[in-house]
Amino acid sequence: MLIRDAFLQDECKKLNSLEELHSFVLMCLYISYSYMGNEISYPLKPFITENADRSLFWSKCVKLIKIHSNQMLKINSSSTLFLQVFTELKSYCIPRQLNNKYNEWLYDE
């Protein structure tokens, strides 16, 4: 939901490199994990790339949270919304058969 909305709102046009895109996706993943429940805490290190500035990471997190907090909280409280978001996420998956063929091609020696 975070990544989709960022693309729809043209926020991703500000990304100038693959590394910036990677950092953005990791940041969205960190925020998503954080909203899965208050009893879960995740270490920050796996979500920040080597060259990332921590203060920039946090300012971007806060910006996304301000925009999406209501929706993210509804995912935990509304089983209907959770199912909708999860169904949409599954629609982006590569079918297992295609994924296996891709892996065979990729790692073919």
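The sequence shown begins at 1298 in the working numbering and counts up by one.
In this text, a Cβ means the ideal position worked out from N, Cα and C, and glycines have one as well.
All values derive from a computational prediction rather than experimental measurement.
From the DSSP output, in three-state form, read off residue i for me.
i     : result
A1349 : coil
S1356 : helix
Y1327 : helix
P1343 : helix
N1313 : coil
M1369 : helix
Considering only residues of the same chain and omitting the five flanking positions on each side of residue i, which have a CB-CB separation below 6 Å?
i     : result
K1363 : none
M1369 : Y1332
A1349 : S1320
I1345 : F1354
Y1327 : F1344
L1323 : F1344
How would you call residue i, buried or exposed, if buried means at least 16 neighbouring beta carbons within 10 angstroms?
i     : result
M1333 : exposed
For residue i, report the span of its alpha helix (DSSP H) as first-last.
i     : result
Q1381 : S1376 to S1388
D1307 : Segment: none, D1307 is in no alpha helix (DSSP H) and carries neither H nor E.
If I measure Cβ to Cβ from residue i and keep anything under 8 Å in the same chain, skipping five residues before and after, which residues do I get?
i     : result
C1325 : L1299, I1300, A1303 and L1361
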